[in-house]
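Below is one structure, written out as structure tokens; the observations come after it.
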Amino acid sequence: MYRLMLSAIIVVVGAVLVVGGLWLAVLGGSWFYLVLGAMLTASGILMGRHNPTGVGLYALATLVTLCWALWEVGFNWWALAPRGGLLLVIGVLVLLPAIINKLNRSERVATGSDRARPGFDFNNAALTAVIVLAAAAGIYSMFQDPEDVAGTFDQERMAAVASSDDGTPPGQWVAYGRNSMGQRYSPLAQITPQNIGKLQVAWTFKTGQIRGPNDPQETTYEVTPLMVNDTVYICTPFSTVIALDPVTGKEKWRFDPKLKEPPQATTQHMTCRGVAYEEVTPADLPPNVSLAPEVAGAPAHAGADLQQSVDEITTQAAGVPQNVVTGQAQPGAPNPVVNRDQPPASVSITRECMKRLFVPTSDGRLISISAETGKICPGFGGADGTVNLWANMPNVTPGSFYSTSPPVITHDLVVVAGAVNDNVATTSPSGVIRAFNAYTGSLVWNFDSKNPDATAPIPNGQTYSNNAPNSWSVASYDPKLGLIYFPMGNESPDQFGAKRGPETERFSSSILALHADTGKVAWVFQTVHHDLWDYDVPAQPSLVDLTVGGQDVPALVAPTKQGEIFVLNRLTGKPLLPVQEEPAPQGAVDGDHTSPTQPHSAVSFRPKPLTGADMWGATIVDQLYCRIRFRQLRYDGVFTPPSMQGSIVYPGNFGVFNWGAIAVDPQRDIAFAMPVYLAFTSQLLPRPDNTARVVSKKNAPVFNENFGAPYAAKMGPFYSFLDLPCQQPPWGYVAGVDLRTGKTVYRHVNGTVRDLSPIPLPFEMGVPGIGGPIITGGGVAFLSGTMDNYVRGYDLRTGREIWRQRLPAGGQATPSTYQATDGRQYLVVVAGGHGSTGTKAGDSVIAYALPR
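For the sequence shown, the tail end lands on 853 under this note's numbering, and the numbers increase by one without skipping.
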């Protein structure tokens, strides 16, 4: 029975490889699977007929597979395992005594017994030898790391004295990137590579708000906690703001903006990456702002005025002509105008509002609250302390626009951009960037990327440009130069650009520098020409002064989804490290075009082009499937245009880098990064009309339908039928870059599959992640964004992991660090999960510190 079952398994595996191998060969791929399948099929048939030569043939097939695998991928364990693992397991079963005895009954004992004479012949010995040889190769490969790039920064570089001359108190974290420069660097040096092993949990806080089954899939905890003036500030995906004691983690106050439940069909994201902090003194107040000790009747939290504002927004939006299926504004339908309220010429500010937070909400508001009490600060936009971001917007559709990232605070302005739903419709709101007076909420300037010269406040009764490219990520600000730097996105649809105008082509997927006082363009640097891959610039640029050619130069370091890190002069936008235009694949769908070249930076984590040998699986069967799919899809390397047959997009739109950005040490001129490699597929499907759903289910959130465009886009990770990546690991690394030379000094595989596999296997395969790192003056980098639930510490000099702690949920956020009144340096991590990555949902905020 066992012999027949095993023989049948070998025959079935062989037959599958014959059929699949023939298919792959016809597609122009490797003939090996066809040959191997034929050998296995013959071996299984022979063993089923009690012929011991079947074992010898199986041994030969295993040996040929070993030689072929080593020729294709070398001693790379994770690449070898799917090629030979299944054959080795079956081979071990073939050598079990019960099977051997059955296969050796061709001779019978002289007594006439019906029992087979036990024996271990040449065939068995050959299979044993091959298995031992293959196991030895596998064991040897386990100790090899061909993807590792080992290197160290020299001691002189690491000994650079931590400085706090950036105007930010060294123990505080006052903005998303610690300060407006976006470096994600703290000069604190209490935690070092020598004592990091002593870190322990100091406190844990639970927000009480967790992603539920009826919330949008992309309900994500991406907040970086601030710590200012002895208070930690966080926001939840539901726009609730909470203030905590930095030593104990106890709640001080909570602000609830009282969201109206968003329409599920039009809400892609529920995200708050952070709030913006501003502190002024009486001497800072402009002439039209007076100091009042108290404003009578100010609501303690979200009172009647605030609720009325929510109701007004909802009522206005409800009047928009919309398609009942898509929830999107109908093309060509009249659009009601949401007018701006005229703020008073002068306002009063209470003493408790001299320290304020500006809070973006997911229903399209920007609210000013006291950082000391959490109460509304009246005057900003009106008595409710609220500016309605739907004002002057085209295509007012609830859930399709709001600011997911904290605004930029300049001397007396609040500058806010916004996230517009990706790839839903050509009738999207505008991606306009607006600057409001920080006290009155009056509109000071607006930058509409389709009308870039009209920066004067738009008149009431008019709307911004339809579907203009937006800036959804975090911006940086240089107060000395008076420039704000925005990472720019694209207009919908991302995958079809035939109808884009000249200004869209100019500003899409670029780094944009605007004069903070006027909104006028200082310069623009495009990172992708005619973007068809959703390669919007996702990350906050880091501003740092670098030593280039022996001179200190104001620099901007900008990571991108396609893996380039552009190092530019932030005054002029000119590259400081070389950028070359390289030929790109051609052949877009009819009516569209591709750029003949794309920019490539001297600092680059762009992956090597995929080959058939890079295809992967848990077994040789699903690896073969991936090789077939690789041949079926169009792939000409990076920037392969989307197609109707389906294209491989690598890097995928998940990005080598995303909103977590990189961390830059301004003292040592070191960048610490978490590059991620995951291929996606993109297929354009003709749309029958402007309303029918093509790629998304009815009553589900709308993704990639592109209503109003000729094509919908079927997109997703390049996975096998087992829902495993078709490209071999590693999928995630950490890396250190010398910003003076552009050299990658080290790169190490990062992360385990413990929380990705059906059983918790701690294999170090290098996993994807989203969220960013931070660097400290003590020479330690921290990161919690990987898709296994860990927070990790790394030696900045070598990039080696030196500490890790288990998290109760996904940690897809960027940590922060601060020094509290007890003198200890704290690391604070948010573990709430990320809907798009499928990590475990939670609501924990955890602080770590050295023992008292």
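Just so you know, even glycine gets a beta-carbon here, dropped at the ideal spot from N, CA and C.
- For Asp535 and Gln563, the gap between their C-alpha atoms comes out near 10 Å.
- Pairing Trp78 with Asn447, the inter-Cα distance amounts to about 55 Å.
- Rounded to the nearest whole angstrom, the C-alpha separation of Phe764 and Ser697 is 35 Å.
- Apart from the 5 residues on each side of it in sequence, Asn659 sits with its Cβ closer than 6 Å to the Cβ of Pro539, Ile771 in its chain, given in chain order.
- Under DSSP, Trp204 takes part in a beta bridge, and its partners are Ala848.
- Trp72 and Val131 have their C-alpha atoms spaced approximately 17 Å apart.
- Exclusion of the five residues before and after Ala556 leaves Leu544, Val545, Asp546, Leu547, Val549, Val568, Leu569, Asn570, Arg571, Leu577, Leu740 as the residues of its chain whose Cβ lies within less than 8 Å of its Cβ.
- One alpha carbon belongs to Ala136, the other to Met766, and they sit about 20 Å apart.
- Under the three-pair Cβ rule at 8 Å, the region 833–843 does not count as touching the region 189–202.
- The continuous stretches of alpha helix (DSSP H) do not include Ser511, which lies in the beta strand (DSSP E) extending over residues 511–516.
- In this structure the region 380–399 lies against the region 425–442, because at least three pairs of beta carbons, one per stretch, are closer than 8 Å.
- Per the C-alpha coordinates, the member of Leu134, Ile760, Leu515, Asn389 positioned closest to Leu61 is Leu134.
- Cβ-Cβ separation between Ile775 and Thr818: approximately 6 Å, consistent with a contact (criterion under 8 Å).
- Distance from the CA atom of Ala476 to the CA atom of Gln633, rounded to whole angstroms, is 40 Å.
- Spanning the alpha carbons of Phe783 and Ile211 requires a straight line of approximately 25 Å.
- Leaving aside the five residues that flank Ser369 on each side, the residues in its chain whose CB is nearer than 7 Å to its CB run, in chain order, Arg357, Phe359, Cys378, Phe381, Gly386.
- Cβ-Cβ separation between Tyr177 and Gln541: approximately 7 Å, consistent with a contact (criterion under 8 Å).
- In the DSSP assignment, Gly836 falls outside any beta strand (DSSP E), carrying neither H nor E.
- Rounded to whole angstroms, Ile663 and Gly618 show a C-alpha spacing of 31 Å.
- Nearest to Leu611 by alpha-carbon distance, out of Arg630, Thr595, Asn289, is Arg630.
- Taking a cut-off of 8 Å for Cβ pairs, the region 714–732 and the region 668–688 touch, as three or more such pairs fall below it.
- Runs of the alpha helix (DSSP H) lying entirely within the region 758–788, each at least 4 residues long, are absent.
- By a beta-carbon distance limit of 8 Å, Pro470 contacts Phe508. Their separation comes to about 5 Å.
- For Gln633, the enclosing alpha helix (DSSP H) covers residues 621–633.
- The shortest C-alpha to C-alpha distance from Asp623 to any of Tyr678, Ser602, Phe722 is the one to Phe722.
- At least 7 Å separates the beta-carbon of Gly661 from that of Thr528.
- As computed with DSSP, Tyr791 is found in a beta bridge with Arg807.
- In the DSSP assignment, Thr682 forms a beta bridge with Ile649, Gly717.
- Counting the other CB atoms within 10 Å of its CB gives Ser347 a total below 16, which places it among the exposed residues.
- The beta carbons of Gly733 and Asn707 sit no closer together than 7 Å.
- One Cα belongs to Ala710, the other to Gln826, and the distance between them is close to 53 Å.
- With a cut-off of 8 Å on Cβ pairs, the region 399–417 is in contact with the region 173–188, counting three or more such pairs.
- DSSP lists no bridge partner for Cys378.
- Setting aside the 5 residues that flank it on each side, Ser596 is surrounded in the same chain by His530, His531, Ala585, each with a C-beta closer than 7 Å to its C-beta; the list follows chain order.
- Within the model, the alpha-carbon separation for Thr573 versus Phe437 is close to 26 Å.
- In the DSSP secondary-structure assignment, Lys744 is bridged to Asp739.
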